[in-house]
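Undergrad: Each residue of the sequence shown is one higher than the one before, starting from 36 at the first, in this note's numbering. Mind having a look at this structure? Questions to follow.
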Amino acid sequence: MYVQTLDQCVSLAALLVCCGLALWRGGGPERIAGLAMILAWFATPLVQNASQVFGPQSGVFVVDVLLLLVLLVLALVCDRWWPMAATGFQAVVTLTHLAAALDTQIAPRAYYVAGSLLSYLTMGALFLGARNAARRTKASPGSGGRRLTII
């Protein structure tokens with residue numbers, strides 16, 4: 036169900052690296068996003084309709100919108116750049132669902148690949164944000180460690 040194809044294996048590995056770094060070395064925003072991405076990754080196969088070949092996957096759409104909302108809130112309240120990039124990538128993922136709803140002739144493989152490739156970009160933005168948060172914590176030894184900076 037979760038790991039049956041090479042793409043799913045690569046996606047899980049990317050998730051573990053990106054979100055693992057975010058949970059281990061990131062600040063509050065990185066940890067929130069990392070947890071949200073992990074939940075979204077594991078929720079997606081549970082809500083996916085395997086018998087539906089054409090058109091949008093409504094369950095996956097809901098999961099993607101919820102992740103988009105988490106990232107959007109982080110982008111609006113945090114003093115970091117990466118949530119804006121992650122929100123943009125996740126917004127395009129969400130738009131692919133709308134495109135599939137408007138045109139049911141979109142090839143299922145193209146729909147799947149677009150969502151998959153864009154999710155790597157979303158995870159990549161989190162990875163860079165977590166790496167920068169780890170550097171920030173290391174560079175300021177008097178800061179007392181982790182912090183959630185919200186405007």
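Note that the Cβ used here is the ideal one computed from N, Cα and C, for glycine as well.
#1: If we count the other Cβ atoms within 10 Å of its Cβ and call it buried at 16 or more, is aspartate 114 buried or exposed?
#2: Give the straight-line distance between the Cα atoms of valine 38 and tyrosine 146, rounded to the nearest whole angstrom.
#3: Quick one: using the 10 Å Cβ neighbour count with 16 as the cut-off for buried, is valine 95 buried or exposed?
#4: Can you tell me which of Val108, Tyr155, Ala48 and Gln87 puts its alpha carbon nearest to the alpha carbon of alanine 13?
#5: For the alpha helix (DSSP H) containing threonine 79, name the first residue and the last one.
#6: Do alanine 120 and alanine 160 come within 8 Å of each other at the CB atom, strictly closer than that value?
#7: At which residue ranges does the stretch 141 to 174 contain complete alpha helix (DSSP H) runs of 4 or more residues, listed in the order of the chain?
#8: Would the beta-carbon of leucine 62 fall within 8 Å of that of alanine 136?
TA: So, from the listed chains and residues:
#1: Burial call: exposed.
#2: For valine 38 and tyrosine 146, the distance between alpha carbons rounds to 19 Å.
#3: The residue is buried, with at least 16 neighbouring Cβ atoms inside 10 Å.
#4: With the chain running from 36 to 186 in the structure shown, residue 13 is simply not present.
#5: 63 to 82 is the span of the alpha helix (DSSP H), which, as asked, contains threonine 79.
#6: One thing to note: alanine 160 has its Cβ within 8 Å of the Cβ of alanine 120.
#7: Scanning the stretch 141 to 174 for uninterrupted alpha helix (DSSP H) segments of 4 residues or longer gives 143 to 174, listed from N- to C-terminal end.
#8: A quick correction: the sequence has glycine, not leucine, at residue 62. No; because the gap between Cβ atoms is not below 8 Å, this pair is not in contact.
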